[in-house]
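Q: Under this note's numbering, think of the first position of the sequence shown as 9, with each following residue one higher.
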Amino acid sequence: MNMLRLITAALLHMVILAAMFVYGGQLSAQEDSGAWYAIDASVMTPSGGDIDVQRRTPRETVRNFIRLTEDQQFAKAAQYLHLGDLPEDSRKEEGVQLARKLAMVIERQLWIDWAGLSARPDAMLETGTSKNALAGKPRRDIGLKMVEVEGQAYEIRLGRYKAADADPVWMFTPQTVQNIPTLYEKFGPSRFERHIPRELTIRVGGLRLWEWILLPIMLGGLLGLGWVTNRSVGWASRTVPGPLLRPALERSRIPLAFVVVAIAAQFMLSLGVSFSGPVTTILRPFLMIVIVTGLGITGLKIVDAVLDRITVRVIGEIDDTRSLDQRELYTSIYAIRRIIVLLMVGIAIIVLLSRLNLFDSLGMSLLASAGVLTVLLGIAGQAVLGNIMASLQIALAKPIRIGDSVQFEDNWAYVESIFYTFLRLRTWDERRIIVPVKYFVSQPFENWSVTDARILKTITLFLDHRADIDELREVFCDLAKDDEDVIEHEHLFAAVTKHSEAGQEMSFYAMGPDPSAAWAAEMRLREALLAYIRDKHPDWWPQERLLLKDRTEGGQQITSANDAQAGE
9 MNMLRLITAA LLHMVILAAM FVYGGQLSAQ EDSGAWYAID ASVMTPSGGD IDVQRRTPRE
69 TVRNFIRLTE DQQFAKAAQY LHLGDLPEDS RKEEGVQLAR KLAMVIERQL WIDWAGLSAR
129 PDAMLETGTS KNALAGKPRR DIGLKMVEVE GQAYEIRLGR YKAADADPVW MFTPQTVQNI
189 PTLYEKFGPS RFERHIPREL TIRVGGLRLW EWILLPIMLG GLLGLGWVTN RSVGWASRTV
249 PGPLLRPALE RSRIPLAFVV VAIAAQFMLS LGVSFSGPVT TILRPFLMIV IVTGLGITGL
309 KIVDAVLDRI TVRVIGEIDD TRSLDQRELY TSIYAIRRII VLLMVGIAII VLLSRLNLFD
369 SLGMSLLASA GVLTVLLGIA GQAVLGNIMA SLQIALAKPI RIGDSVQFED NWAYVESIFY
429 TFLRLRTWDE RRIIVPVKYF VSQPFENWSV TDARILKTIT LFLDHRADID ELREVFCDLA
489 KDDEDVIEHE HLFAAVTKHS EAGQEMSFYA MGPDPSAAWA AEMRLREALL AYIRDKHPDW
549 WPQERLLLKD RTEGGQQITS ANDAQAGE
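1) Thinking C-alpha only, which one of Glu158, Ile402 and Ala475 is nearest Lys446?
2) Taking the CB atoms as reference points, tell me whether Pro444 and Phe430 lie closer together than 9 Å.
3) On the DSSP bridge list, what partners appear for Glu513?
4) Quick check: what's the CA-CA separation for Lys170 versus Asp121?
5) Can you give me the Cβ contacts of Gln105 inside the same chain, cut-off strictly under 7 Å, excluding the 5 residues immediately before and after it?
6) Report the CB separation of Val113 from Ile188 in whole angstroms; it is logged as a contact under 8 Å.
7) Grab the span of the beta strand (DSSP E) containing Asp149 for me, first residue to last.
8) According to DSSP, is Gly229 helix, strand or coil?
9) Within the continuous beta strand (DSSP E) that includes Ile426, where are the two ends?
10) What separation, rounded to the nearest whole angstrom, lies between the Cα atoms of His497 and Cys485?
11) Could you say which of Trp456, Arg474, Ala270 and Arg553 lies nearest to Pro521 if we only look at CA atoms?
12) Per DSSP, which one or two residues make a beta bridge with Phe501?
13) Given a cut-off of 9 Å, decide if Ile355 and Gly304 are closer than it, judged by their beta-carbon atoms.
14) In the DSSP assignment, find the beta strand (DSSP E) that holds Phe416 and state where it starts and stops.
15) Using alpha carbons as the reference points, say which of Glu492, Val504, Asp93 and Glu482 lies closest to Leu471.
16) Would you report the Cα separation of Phe294 and Ile410, rounded to the nearest angstrom?
17) Could you please give the first and the last residue of the uninterrupted beta strand (DSSP E) stretch that includes Gly167?
18) Could you tell me the distance, in whole angstroms, from the CA atom of Glu513 to the CA atom of Ile541?
19) For Ala574, does the three-state DSSP call read helix, strand or coil?
20) Report the partner residues of Phe430 according to the DSSP bridge assignment.
21) DSSP on Leu89, reduced to helix/strand/coil?
22) Exposed or buried, what is Arg168 when buried is set at 16 or more other beta-carbons lying within 10 Å of its beta-carbon?
23) Are the CB atoms of Arg254 and Arg246 within a distance shorter than 9 Å?
24) Please report the straight-line C-alpha distance between Asp312 and Trp420, rounded to a whole angstrom.
25) Between the Cα of Ala49 and the Cα atoms of Val177, Ala161, Lys109 and Thr306, which residue gives the shortest distance?
26) Assuming Thr468 and Ser515 form a contact by the criterion Cβ under 8 Å, report the distance between their Cβ atoms to the nearest whole angstrom.
27) Pull up the distance between the alpha-carbon of Pro67 and that of Ala161, whole angstroms please.
28) Going by CA-CA distance only, name the one from His545, Leu208, Ile225 and Ile347 that's closest to Ala475.
29) Using DSSP's beta-bridge definition, name the partner residues of Glu454.
30) With distances taken Cα to Cα, identify the nearest neighbour of Asp179 among Ile442, Leu222 and Gly151.
31) Indicate the three-state DSSP secondary structure (helix, strand or coil) for Val30 in the structure shown.
32) Report buried or exposed for Leu554, applying the criterion of at least 16 other Cβ atoms within 10 angstroms of its Cβ.
33) What is the DSSP secondary structure of Ala174, reduced to helix, strand or coil?
34) Let me check understanding here. Comparing Cα to Cα, which of Val298, Val414, Trp220 and Glu258 lies closest to Phe266?
35) Using only alpha-carbon positions, find the residue among Thr301, Val51, Ile262 and Tyr45 that is nearest to Lys100.
Okay, here's the thing in structure tokens:
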């Protein structure tokens, strides 16, 4: 019985060990399958290939491939391509041609970030954020470059492959090999380059010799084209009919010249000139940004021309004498101007991110530094960003409009212009007050034109107690009704608003059509009232009175010599 128990326990133990071995092998196979792709040994080491080729890491694969192609060793470079989709008997011959074409595409389109290209066999990202799912995990494929050809996306990628009883290696993926003919047709040598002598294809300072020669010539030709465009648009602005088109063309001369130059450069690059990767990486996005920026500035200049035309012909000198609709229109045009600028900047940024080749290879580095950059920009540009947001708030909510009459910090002024970071106020005496937009909206101010331009003005006189308010009320009403800048005569009003032992304060109220006319009417009415009092009742001026007191000296009553009123 004991022997039977021992045998049973031994068998059970063996079964458990076998199950653990099988399960562990399955886990190991699962782990290995997530770290590489399985391939046949004939693909990894083709017939006649170099079994000692170095492809252990992504950086090593790309570096050795470029070195071999620069040395014209395309047969060895072909061993860095996954040629498994090709017939086995044609892999050697076709691999040479594919390696040569891929090297040309990489040279023209790829600016390699060697520091960002992994030097680990498993290509694991050693550092990363919590949102990066690949951080701390091995990778079995890496994207080097995404390019667009006729609306279709093509990618140059590396993959990690392993054959039985062999170490994993990194090679260009079958999809990349399949895309090589299409990419070479798009980015390969142009018709122009086929006629370049071989001596001029020598690399000097990272570029080929013919590129150093052609770049200044191309730059000079483009500058000449820009000068001709500038002169042509200037000539057109002087000859075309229409008062609106002429100033728009005149203001658009320089941005249109930049647009034409950038389009011509793009056309030259597309047809006959293919520069190396560093030049292409910088030049193409730069030209696209110039085109977008130039078109945006041109649109901005056209809006400015329309704005000026409306100001001169339709509105005239903008102030609160104009109707509310006119001031709303003027402010809305300025808001459109700001929107165009924002769209122009936004589109330029989007184009930069989508076209800049560095973004593909340096994307992780840029994202890693984005947090620090955001903090720095937030601190440095807090005032500017705050003013821009306040300007947009004014453009949308319209607490003030261009032409409104405002009382701001004891200054009566008109809102002359509203810009991104500041607004300009024109005072009644033609001074200009420049106020940061953020500061303006954070301070209380009076908008005298928020509904209409009418304003009730107050004339205050301080007179003696003997002044007759009824008489002055009648005089004031007659004067106000005869004044052309006084409206709504039913609102004329006069009253004693304050008094003291020295005299009484009399206030006279009159309505004006706008602050400017009301101010002028206030001055005239004050002068007329003062003239009436001076001519008719000079005794109504404020007077000082002394109290007479009796005093006794030696039994004799003496009266003070100041027994008259002051001023008599």
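Glycine is no exception: its CB is placed at the ideal position from the N, C-alpha and C atoms.
A: Short version:
1) Shortest Cα-Cα distance from Lys446 to any of Glu158, Ile402 and Ala475 involves Ile402.
2) Yes, these two residues count as a Cβ contact at 9 Å.
3) Partner residues in the beta bridge of Glu513, as assigned by DSSP, are Phe470 and Lys506.
4) Between Lys170 and Asp121, the C-alpha separation is close to 26 Å.
5) Residues of the same chain with a CB within less than 7 Å of the CB of Gln105, apart from the 5 flanking positions on each side, do not exist.
6) Separation of the CB atoms of Val113 and Ile188 is rounded to 7 Å, and the pair is thereby assigned contact status at 8 Å.
7) That run of the beta strand (DSSP E) goes Asp149 to Val157.
8) Gly229 falls in the helix class under three-state DSSP.
9) For Ile426, the uninterrupted beta strand (DSSP E) segment begins and ends at Asn419 to Ile426.
10) If I take the Cα positions, the gap works out to 8 Å.
11) Checking every option, the nearest Cα to that of Pro521 belongs to Trp456.
12) Partner(s): Tyr517.
13) Yes. Within cutoff.
14) Where Phe416 is concerned, the enclosing beta strand (DSSP E) stretches over Ser413 to Phe416.
15) Considering only alpha carbons, the answer is Val504.
16) Going by the C-alpha atoms only, they are around 37 Å apart.
17) Annotation: the continuous beta strand (DSSP E) that includes Gly167 extends over Gln160 to Lys170.
18) Ile541 has its alpha-carbon roughly 14 Å from the corresponding atom of Glu513.
19) Low per-residue confidence applies at Ala574: pLDDT is 40, beneath 50, and the placement is therefore not dependable, though the value from the model is reported in the following sentence. Three-state result, Ala574: coil.
20) Looking at the DSSP output, Phe430 bridges to Pro444.
21) Note: Leu89 maps to strand in three-state DSSP.
22) Under this definition Arg168 is a buried residue.
23) Cβ distance < 9 Å, so Arg246 and Arg254 count as in contact.
24) As the crow flies, the alpha-carbon of Asp312 is around 27 Å from that of Trp420.
25) Minimum Cα distance to Ala49 is reached at Val177.
26) Distance from Thr468 to Ser515 at the Cβ level is roughly 5 Å; contact confirmed, criterion being Cβ atoms closer than 8 Å.
27) Before going further, note that residue 67 is Arg rather than Pro in the sequence given. C-alpha separation (whole angstroms): 24 Å.
28) Nearest C-alpha to Ala475: His545.
29) Answer is Gln415.
30) Looking at the sequence provided, one finds Met at residue 179 rather than Asp. For Met179, the nearest C-alpha among the options comes from Gly151.
31) Its pLDDT being 40, under 50, Val30 is placed unreliably by the model, and nothing is read from it.
32) By the neighbour-count definition (other C-beta atoms within 10 Å, threshold 16), Leu554 is an exposed residue.
33) When DSSP states are grouped into helix, strand and coil, Ala174 belongs to the coil group.
34) Nearest C-alpha to Phe266: Val298.
35) The alpha carbon of Lys100 has as its nearest neighbour, out of Thr301, Val51, Ile262 and Tyr45, the alpha carbon of Val51.
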